[in-house]
Amino acid sequence: MGLAAEYGPKKIRVNSICPLATMTGLLEQFMGTAITEDVKAKIVSAVPLGRLGEVRDVSNAAVWLASDEASFVTGVNLDVDGGRAI
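Per our numbering, the very first residue in the sequence shown carries number 158; after that it's consecutive.
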């Protein structure tokens with residue numbers, strides 16, 4: 158049984174956010190290299206929306222998932238990746 162099914166009867170929603178690389182200091186650590194314009198271009202070439210994510214993209218998704226507007230959303234893995242996963 159998944160967490161959303163387990164906690165749903167208690168009115169607790171369980172979701173996750175799956176972001177693409179965002180422009181933070183952690184990106185260089187994850188990539189193991191400096192984020193040059195060439196590296197950015199290589200990543201962006203696989204993103205239909207044509208850019209890297211920004212912190213606000215992920216935080217906006219988190220705020221929405223936690224809001225009343227998403228009160229009927231549970232058990233979702235929300236890709237915040239500019240369409241890369243499609």
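The beta-carbon is built from N, C-alpha and C at its ideal position, and this holds for glycine as well.
Exercise for the section: May I ask you to list the residues that DSSP assigns as paired with Asn234? Expected result: Numbered from 1 along the sequence shown, position 77 holds the residue referred to as residue 234. Bridge partners of Asn234: Ser173.
Exercise for the section: Please report the residue range of the alpha helix (DSSP H) in which Ser216 lies. Expected result: Your numbering for residue 216 matches position 59 in the sequence shown. Per DSSP, Ser216 belongs to the alpha helix (DSSP H) from Val212 to Ala223.
Problem - Minimum C-alpha distance to Asn172 - residue among Gly165, Thr231, Val237 and Asp238 - result: For this step, residue 172 is matched to residue 15 along the sequence shown. The residue with the shortest Cα to Cα distance from Asn172 is Thr231.
Handout entry: Delimiting residues of the alpha helix (DSSP H) encompassing Ile200
Key = Numbered from its first residue, the sequence shown carries residue 200 at position 43. It spans Glu194 to Val201 - the alpha helix (DSSP H) in which Ile200 sits, taken as one unbroken run.
Problem - Nearest neighbour of Val204, chosen from Pro176, Asn217, Glu226 and Ala223 [CA to CA] - result: Your numbering for residue 204 matches position 47 in the sequence shown. Measuring from the Cα of Val204, the nearest candidate turns out to be Pro176.
Exercise for the section: Identify which residue in Val233, Leu209 and Thr190 has its Cα closest to the Cα of Gly165. Expected result: As a working note, residue 165 is residue 8 in the sequence shown. The shortest Cα separation from Gly165 among Val233, Leu209 and Thr190 belongs to Val233.
Exercise for the section: Quick one: using the 10 Å Cβ neighbour count with 16 as the cut-off for buried, is Asp214 buried or exposed? Expected result: Start at 1 with the first residue of the sequence shown, and residue 214 comes out as number 57. Buried: at least 16 other Cβ atoms inside 10 Å.
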